[in-house]
Amino acid sequence: MNRIRMISSKEKYNIKITENQAKLKLIAQAKVNLNLDILGKRADGYHELHSVMQSLALHDIILLIAKKNEKPQTKINLTSDKVIIKDIKENIAYRSAQAFLDHFALQADLEIYLNKKIPLAAGLAGGSANAAAVLRGLGDLFNDQRTRTFFKGKRQEPISKMELLSLASTIGADVSFSLHRGTALCEGIGEKISPLRSFTPKPVLIFSPQFTTLTKEAFQWLNAPPLTESAFQNLRTATMYNQMFDQGLKEMNAQLKNDFTPALINKFPELNDVFAAFSETGAPFVRLTGSGPTIYAIYDSYVARDSALAELNKLNLPGTFISTYTQDAWD
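All residue numbers for the sequence shown refer to our numbering, where the first residue is 19 and numbers rise by one.
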């Protein structure tokens, strides 16, 4: 039986301060790829991307605690409600906190708690969203004069969003967008961001299979050719994408694509059944997100989405349906 997660409404969080610590709750939003062109493999081993990313209401919650730190040293502890973290130093949220402190030459005693709702290794940028939320939260704590004393270091000037975006690109490919959020054209390995007009709110239905995929493996299955100058010809501009949003979901579905789709279907033919099931509900836009294996559909109305969910649940597909919607940055 498939479980259905209903997504909570918008919440606003404030810093809670006591003499010995400061607490900050943060929303880490999932994302989907409306379009994902993989232009080729670069000489440095990375892949050149051209993608439109969209934030969702689906989110994890991060509890960030900075403790009073009398000694100039750093401690970072990371826990989660649902995920067993075998080596916290390998977790991207931990690495994000460490990168923040190293980059700005700061020390702090930190506790990070992950309340996970976003499926893991699913193409929804759950890890990247956590990393970005940690960066944003640490920036907020440092920039607030009431909590500046929880950090040790020589820096005095506030930390800008541009500095955080630059740092985000060194942590993971989707971390820059997860820090920016909303609707955006992402290029390079994901660090070059051009904001697009809002594509919200649109009703979304996600299907997360019982298996996962690793991005590294998906790129191996794809086996993209070396990047050439010709790959940059005839790419859509931000203006063209903004205009496309007015053409409707069916036209977008016909024009946009995800280059991982053939490779994922070749590896997991059962994904064809999911695409077909979504299409049979009348979904005007159906797409694989990221390197998969999650497939999602966008509907014209919440009534249509909820009706589709009722029909899809009868199929007992092996995975989880999640009802959500497209959402701009919440804070």
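All C-beta atoms, glycine included, are put in the ideal place defined by N, C-alpha and C.
Please identify the residue among the options whose C-alpha is closest to the C-alpha of residue i.
{"i": "Gly171", "options": "Gly206, Leu138, Leu128, Asp120", "result": "Asp120"}
{"i": "Ala149", "options": "Leu82, Gly200, Leu253", "result": "Leu82"}
{"i": "Phe237", "options": "Leu57, Leu52, Thr36, Gln47", "result": "Leu57"}
{"i": "Ile79", "options": "Gly155, Arg113, Tyr259, Ile224", "result": "Gly155"}
{"i": "Leu52", "options": "Thr218, Gly300, Pro227, Ala249", "result": "Thr218"}
{"i": "Ala347", "options": "Ala294, Ile340, Glu88, Gly200", "result": "Gly200"}
{"i": "Thr233", "options": "Val70, Ser187, Tyr64", "result": "Tyr64"}
{"i": "Arg166", "options": "Ala117, Val50, Leu214, Lys41", "result": "Lys41"}
{"i": "Met180", "options": "Phe168, His198, Asp192, Phe169", "result": "His198"}
{"i": "Ala111", "options": "Ala147, Leu76, Lys86, Ala84", "result": "Ala147"}
{"i": "Val101", "options": "Ser73, Leu76, Tyr131, Ser114", "result": "Tyr131"}
{"i": "Arg215", "options": "Met262, Leu253, Gly206", "result": "Met262"}
{"i": "Lys220", "options": "Ser114, Asn331, Asp324, Ile94", "result": "Asp324"}
{"i": "Thr231", "options": "Thr255, Ser248, Phe286", "result": "Phe286"}
{"i": "Thr255", "options": "Ala242, Lys210, Phe229", "result": "Lys210"}
{"i": "Leu335", "options": "Thr257, Thr312, Ala242, Asn32", "result": "Thr312"}
{"i": "Ser297", "options": "Glu288, Ala326, Tyr320", "result": "Ala326"}
{"i": "Ser178", "options": "Gly145, Ala322, Phe118, Asn290", "result": "Phe118"}
{"i": "Leu306", "options": "Leu289, Val321, Asp318", "result": "Leu289"}
{"i": "Ser114", "options": "Val304, Ile103, Gly145, Asn252", "result": "Gly145"}
Between residue i and residue j, how many whole angstroms is the CB-CB distance? I'm expecting something under 8 Å.
{"i": "Gly141", "j": "Gly308", "result": "3 Å"}
{"i": "Asp162", "j": "Lys134", "result": "Actually they do not touch by this definition, with Cβ atoms about 27 Å apart."}
{"i": "Asn271", "j": "Pro302", "result": "6 Å"}
{"i": "Ser194", "j": "Leu203", "result": "That pair is no contact at about 12 Å."}
{"i": "Leu159", "j": "Leu185", "result": "Leu159 to Leu185, Cβ: 15 Å. No contact."}
{"i": "Gly208", "j": "Asp192", "result": "6 Å"}
{"i": "Tyr314", "j": "Val50", "result": "6 Å"}
{"i": "Phe168", "j": "Asn87", "result": "6 Å"}
Taking 7 Å as the CB-CB cut-off, is residue i touching chain C?
{"i": "Arg323", "result": "Structure shown: chain C not included; a single protein chain is present."}
What is the residue span of the alpha helix (DSSP H) that residue i lies within?
{"i": "Gly155", "result": "144 to 161"}
{"i": "Thr233", "result": "233 to 240"}
{"i": "Glu181", "result": "179 to 186"}
{"i": "Tyr317", "result": "From DSSP, Tyr317 is part of no alpha helix (DSSP H); its letter is neither H nor E."}
{"i": "Asp120", "result": "110 to 121"}
{"i": "Ala294", "result": "289 to 298"}
{"i": "Ser309", "result": "Taken as a continuous stretch (DSSP letters only), Ser309 belongs to no alpha helix (DSSP H), as it is neither H nor E."}
{"i": "Phe195", "result": "193 to 198"}
Would residue i and residue j be called neighbours here (beta carbons separated by less than 7 Å)?
{"i": "Asn358", "j": "Leu67", "result": "Absent from the model: residue 358. The displayed extent of the chain is 19 to 349, so no value can be given."}
{"i": "Thr342", "j": "Val222", "result": "yes"}
{"i": "Leu128", "j": "Asn109", "result": "no"}
{"i": "Ser196", "j": "Ala143", "result": "yes"}
{"i": "Leu182", "j": "Gly157", "result": "yes"}
{"i": "Gln125", "j": "Gln91", "result": "yes"}
{"i": "Val292", "j": "Phe225", "result": "yes"}
{"i": "Leu245", "j": "Lys59", "result": "yes"}
{"i": "Ala295", "j": "Leu333", "result": "yes"}
{"i": "Leu267", "j": "Ile316", "result": "yes"}
{"i": "Lys89", "j": "Gln39", "result": "no"}
{"i": "Gly310", "j": "Phe278", "result": "yes"}
{"i": "Phe122", "j": "Arg164", "result": "no"}
{"i": "Ile136", "j": "Ala48", "result": "yes"}
{"i": "Gln345", "j": "Ser73", "result": "yes"}
{"i": "Glu329", "j": "Thr299", "result": "yes"}
{"i": "Gln44", "j": "Ala151", "result": "Looking at the sequence shown, residue 44 is not Gln but Leu. Result yes, Cβ atoms of Leu44 and Ala151 sit closer than 7 Å."}
Could you give the residue range of the beta strand (DSSP E) that holds residue i?
{"i": "Arg305", "result": "303 to 306"}
{"i": "Val101", "result": "First-last for Val101: undefined, no H or E at that position."}
{"i": "Gln72", "result": "65 to 85"}
{"i": "Ser341", "result": "337 to 343"}
{"i": "Asn2", "result": "With the chain represented from 19 up to 349, any question about residue 2 goes unanswered, as that position is not in the structure."}
{"i": "Leu54", "result": "39 to 59"}
In the region 202 to 285, which residue ranges form an unbroken alpha helix (DSSP H) of at least 4 residues, counting only runs that do not cross its ends? 233 to 240, 256 to 262, 267 to 273, 279 to 285
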